Every structure is written in structure tokens, then in C-alpha cells.
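Quick note on the numbering used here: the sequence shown kicks off at 1187 and runs consecutively.
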Amino acid sequence: MASNIRRIQKELKEFREDPPMNCSGGPVGDNLYQWAAVIIGPKDTPYEGGLFKLSIEFPNDYPFKPPKVVFDTKVFHPNVSSDGIICLDILKKEWSPILTISKVILSICSLLNDPNPDDPLNGDAARLLKNSKDEYNKTVREHVRLYASK
1187 MASNIRRIQK ELKEFREDPP MNCSGGPVGD NLYQWAAVII GPKDTPYEGG LFKLSIEFPN
1247 DYPFKPPKVV FDTKVFHPNV SSDGIICLDI LKKEWSPILT ISKVILSICS LLNDPNPDDP
1307 LNGDAARLLK NSKDEYNKTV REHVRLYASK
């Protein structure tokens, strides 16, 4: 059995035994390289109560290369593009083989809690957050109602 399969199986076991708060997920069917996950929008944020679906794809050279993680749910956020790509340093240049998918998902939850408008993929969301937090929060809540409701 390939070492990356053993690593993904180990992470799956840990993820199921101690999932990140407000998260669930696992393989799609029998394919350990393709996962689906759901994050419940963090409390006391405009994302609160939303259900945000993620697709996770592990590369063949995992854990030496990061997983590809994208939002399947439309989300209005400075660090998420319109097609779901996430601007998160640990998914790019700051990736390390010691990181796990649980830590990645936890980092995405943190990004929902604390957006970074200075490193945007969605310029409109970044400008709105910088110029009018109330309008930003209103827009986020509307997106949650339209696209991420239970």
C-alpha cells in the first residue's frame, strides 16, 4: 500500500474521531483521494448558520504537496474567488507535510471568522469589508440565505 494512502487513511481516522468544530467530511465513495466536507458557518459571524460545502482533492504526492480545497457553495468572502478557490497560504507556499486536512479545514474556518482584505481573491468583498463592514455583513448574510441555507 502506498505511503500516501496510509497517511490519508490515518488522517481520515483522526478526522472522524476528533473532527474540527462545526465540520464533517470524508471520502466520496471509495475514493480516498476525493473528499467532501461541510463547514457550519462560525457563530457570531455573518456566516453563522450557513452550510458551506467543500471539495477536497489529495494529489498523488500528498503529503509533500497540499490538497486542493475549493468551496462548492457560493460564498462572499475577500479570500474566496467566485469559483470557490481559497486564498490560504497553507494551501500554497506555506504548505508543510506536517499539516493535516483537519488543520486545513480549521484554517478555512478561521478565515471565515477573520477575513484578510489585504490579500483578496474577491476585490469587491475586500473593498466592501474595508469601506463598510455593515454593508459587507449584510451582503454575506444575504449570500448565506441564498446559497448556504439548510
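Quick reminder that beta carbons are idealized off the backbone N, C-alpha and C, glycines included.
Since the model is a prediction, treat every value here as computed from it, not as a measurement.
Given a cut-off of 8 Å on the beta-carbon distance, is the pair residue i and residue j in contact?
i: Ile-1272; j: Pro-1252; result: no
i: Val-1261; j: Phe-1238; result: yes
i: Leu-1314; j: Thr-1325; result: yes
i: Ser-1268; j: Pro-1206; result: no
i: Thr-1286; j: Glu-1197; result: yes
i: Pro-1249; j: Arg-1193; result: yes
Looking at C-alpha atoms only, which residue of the options is the closest neighbour of residue i?
i: Thr-1231; options: Asp-1310, Asp-1305 and Asp-1300; result: Asp-1300
i: Pro-1245; options: Lys-1239, Phe-1238 and Lys-1254; result: Lys-1254
i: Ser-1210; options: Gly-1309, Phe-1201 and Lys-1279; result: Phe-1201
i: Asn-1208; options: Ser-1282, Leu-1298 and Thr-1325; result: Leu-1298
i: Ile-1397; options: Ala-1188, Ile-1291 and Asp-1310; result: Outside the displayed span of the chain (1187 to 1336) sits residue 1397, for which this structure offers no information.
Can you tell me where the beta strand (DSSP E) holding residue i begins and where it ends?
i: Tyr-1219; result: 1217-1226
i: Cys-1295; result: Counting along the chain, Cys-1295 falls outside any beta strand (DSSP E), though it belongs to the alpha helix (DSSP H) covering 1287-1299.
i: Val-1214; result: 1209-1214
Whose C-beta lies closer than 6 Å to the C-beta of residue i among residues of the same chain, with five residues either side of it excluded?
i: Glu-1234; result: Gly-1227
i: Ala-1312; result: Pro-1264, Pro-1303 and Pro-1306
i: Pro-1213; result: Trp-1221
i: Ala-1334; result: Gly-1236, Leu-1237, Phe-1238 and Thr-1259
i: Tyr-1219; result: Phe-1244
i: Glu-1321; result: Leu-1314
Identify the residues that DSSP records as bridge partners of residue i: which are they?
i: Phe-1257; result: Leu-1240
i: Val-1266; result: Ile-1272
Can you tell me where the alpha helix (DSSP H) with residue i in it begins and where it stops?
i: Ile-1194; result: 1189-1203
i: Asp-1310; result: 1309-1317
For residue i, I'd like the list of residues in its chain whose CB is within less than 8 Å of its CB, leaving aside the five on either flank, ordered along the chain.
i: Ile-1294; result: Ile-1225, Leu-1240, Val-1255, Ile-1272 and Leu-1274
i: Asp-1247; result: Asn-1190
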